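Those letters in the sequence shown? Residues 436 to 819, by our numbering.
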Amino acid sequence: MFDVVIVGAGPVGLYLGALLLQEGLSVRILEKRTEPSQHSRAIGIHPPALRALERAGVAESMVAEGVRIPLGVARRGGREVAKLSFAQATATWPFVLSLKQARTEAILAARVAALDPAALVRGMCVTSLHDAGTFVTLAGHHRGDAAATFQARLVIGADGARSTIRKLANIPTTGRDYPDTYLMGDFPDSGRDGAAAVLHLEPGGIVESFPVPGGLRRWVVHTDSLLAGATATDLAALIEERTGARVDPAANSMLSAFGVRSTLATRMVAGRIALLGDAAHEISPIGGQGMNLGWLDAAALAPIIVAALRGERTGKRLQLFERQRRQASRRASRQAWLNMALGRAYPTSFLHVLHAILRPIFRLRRVQNLAVRRFTMHGLDGRG
436 MFDVVIVGAG
446 PVGLYLGALL
456 LQEGLSVRIL
466 EKRTEPSQHS
476 RAIGIHPPAL
486 RALERAGVAE
496 SMVAEGVRIP
506 LGVARRGGRE
516 VAKLSFAQAT
526 ATWPFVLSLK
536 QARTEAILAA
546 RVAALDPAAL
556 VRGMCVTSLH
566 DAGTFVTLAG
576 HHRGDAAATF
586 QARLVIGADG
596 ARSTIRKLAN
606 IPTTGRDYPD
616 TYLMGDFPDS
626 GRDGAAAVLH
636 LEPGGIVESF
646 PVPGGLRRWV
656 VHTDSLLAGA
666 TATDLAALIE
676 ERTGARVDPA
686 ANSMLSAFGV
696 RSTLATRMVA
706 GRIALLGDAA
716 HEISPIGGQG
726 MNLGWLDAAA
736 LAPIIVAALR
746 GERTGKRLQL
756 FERQRRQASR
766 RASRQAWLNM
776 ALGRAYPTSF
786 LHVLHAILRP
796 IFRLRRVQNL
806 AVRRFTMHGL
816 DGRG
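This is the structure we're talking about:
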């Protein structure tokens, strides 16, 4: 009988596991994959998340490996439309950190292993769940064929947008698919834009670029349809056509086409089961909020779990947790929608008028401060 079983060893599950192990709880983290994923869609770590990660003793390592992005620049036709300094948001973390998700997960997994080498169980596929009222039983198969059963006083589903735990707990979702599609890839960084994040607001659709460790820059291009069969040469051509920048297709190290879906679970807490991260709320990856939002969920839930397992009454705290985190997810979803809407293809005449309006507005200090706080997720951790 464990105190907590967490299903899902992505960034959110590993982070929560580290927080709970630090409190002396017995924890098992069950992961279906037998090996760590090398996929790195999520790269942006915002200041509120860095503050949360500091609690698990991993923020310093992440900052040491990552690239600090101190500002964002919006351009159209090569001309600057707006510039935002992230230093305005906080003195402690005056940047957005860029770090590939594979390294983020590796750092968190190492922290978990240092606290309890047996905590992470890979190759475990959960197929059934039973909440008995005082404990929960999970059953499934380990490494493909060996039957395995785990019992815990609490179970956390941190197993992504297609959450098995959410389905087994019969928690419905609401959501929609958006028409927006994107093609992204990593190429060697020319160094022309330094450490800035750059948004090219062009008639054909937005082109975003961000520095990532290893001397690379990630490019994300809005496309008219899902280009599942696209090549690095196709992406390079789109980048040059819209921005004039040239990247080397032969040096491409990651390529992915993706669409966008928004999903919200109708509940985050059901009996002795709770959902975190994408299992509770899937939002657009544009703006890089999803992984960060999951960490903030976990940071809010961890002290409630500790209190509950020590015999304290936590009913009202759980209700407040669920209300606040669902509010945060809805706010993040609205911001993601705005990010997507600003990046769609528009007639040149419309963009000319829009940017003529935005340029003087974004010179106002109050507007800049508000925009920076919005884009760096301040307030989504419950601190205002």
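Beta carbons are placed, not taken as given, at the ideal position from N, Cα and C, and that holds for glycine.
These numbers come from a predicted model, not from an experiment.
Beta-carbon proximity of residue i to residue j, cut-off 8 Å
i	j	result
Val440	Ser533	no
Gly640	Arg779	yes
Gly507	Phe797	no
Arg611	Leu710	no
His716	Thr678	no
Arg538	Ser691	no
Asp700	Ile591	First, the amino acid is wrong: residue 700 is Ala here, not Asp. No, they are not a contact pair.
Ala582	His576	yes
Gly723	Ile478	yes
Ala737	Leu451	yes
Gly664	Thr616	no
Val763	Gly595	For clarity, residue 763 is Ala in the given sequence; the question names Val instead. Going by C-beta atoms, Ala763 is not nearer than 8 Å to Gly595.
Ala453	Ala734	no
Met726	Pro483	no
Phe740	Leu550	Before going further, note that residue 740 is Ile rather than Phe in the sequence given. Not closer than 8 Å, so no.
Ala541	Pro471	yes
Arg511	Glu637	yes
Ile504	Ala680	no
Leu414	Ala767	Because the chain here runs from 436 to 819, residue 414 falls outside it and cannot be looked at.
Pro446	Trp730	yes
Ile708	Val571	yes
Ala587	Asp438	yes
Met559	Glu466	yes
Ala671	Val682	yes
Leu618	Leu564	no
Status (buried if at least 16 other CB within 10 Å, exposed otherwise) for residue i
i	result
Pro720	buried
Gln770	buried
Lys535	buried
Leu805	exposed
Val788	exposed
Ile792	exposed
Gln754	exposed
Gly649	exposed
Asp659	exposed
Pro795	exposed
Asn774	buried
Gly620	buried
Gly579	exposed
Glu747	exposed
Leu519	buried
Met413	Outside the shown range of the chain, which is 436 to 819, sits residue 413, and nothing can be said about it.
Met436	exposed
Arg760	buried
Ser644	buried
Thr469	exposed
Phe530	buried
His474	exposed
Whole-number beta carbon distance between residue j and residue i, since they are thought to touch under 8 Å
i	j	result
Ala517	Gly712	31 Å between Cβ atoms; not a contact.
Phe622	Leu651	7 Å
Ser496	Tyr613	Their Cβ separation, rounded to whole angstroms, is 35 Å, which puts Ser496 and Tyr613 out of contact at 8 Å.
Val561	Leu555	Between Leu555 and Val561 the Cβ distance is about 15 Å, and since that is not below 8 Å, they are no contact.
Ala544	Leu449	6 Å
Gln523	Val807	5 Å
Limits of the alpha helix (DSSP H) - the one that residue i falls within
i	result
Ile740	Gly725 to Leu744
Glu643	It is not in any alpha helix (DSSP H) - Glu643 instead sits in the beta strand (DSSP E) that spans Val642 to Val647.
Thr539	Gln536 to Leu550
Arg601	Thr599 to Leu603
Endpoints, beta strand (DSSP E) assigned at residue i
i	result
Ala618	Per the sequence presented here, residue 618 reads as Leu, with Ala not at that position. Start and end: Thr608 to Pro623.
Leu449	From DSSP, Leu449 is part of no beta strand (DSSP E) but of the alpha helix (DSSP H) over Pro446 to Gln457.
Asp566	Met559 to Asp566
Ile591	Ala581 to Gly592
Asp438	Phe437 to Val442
Ser533	Val531 to Ser533
Arg463	Val462 to Glu466
Thr658	Leu651 to Thr658
Leu634	Ala632 to His635
Gly575	Val571 to His577
Ile708	Ile708 to Leu710
Distance cut-off 7 Å: residue i Cβ against heavy atoms of the ligand SAM
i	result
Arg486	Among the components of this structure there are no ligands whatsoever, and the ligand SAM is therefore not found.
Any C-beta of chain B under 8 Å from that of residue i
i	result
Thr811	Looking for chain B here will not work: only one protein chain is present.
Subject >> Continuous beta strand (DSSP E) assignments of at least 3 residues falling wholly in the segment 478-513 >> reply: With a minimum length of 3 residues, the continuous beta strand (DSSP E) runs that stay inside the segment 478-513 are 502-504 and 506-511.
Subject >> Start-end ranges of the alpha helix (DSSP H) lying completely within the segment 730-814, minimum 4 residues >> reply: Correct list: 750-777, 783-796 and 800-810.
Subject >> Length-filtered (3 minimum) beta strand (DSSP E) runs lying within the segment 665-702 >> reply: Look at the segment 665-702 and you find these whole runs of beta strand (DSSP E), each 3 residues long or longer: 689-700.
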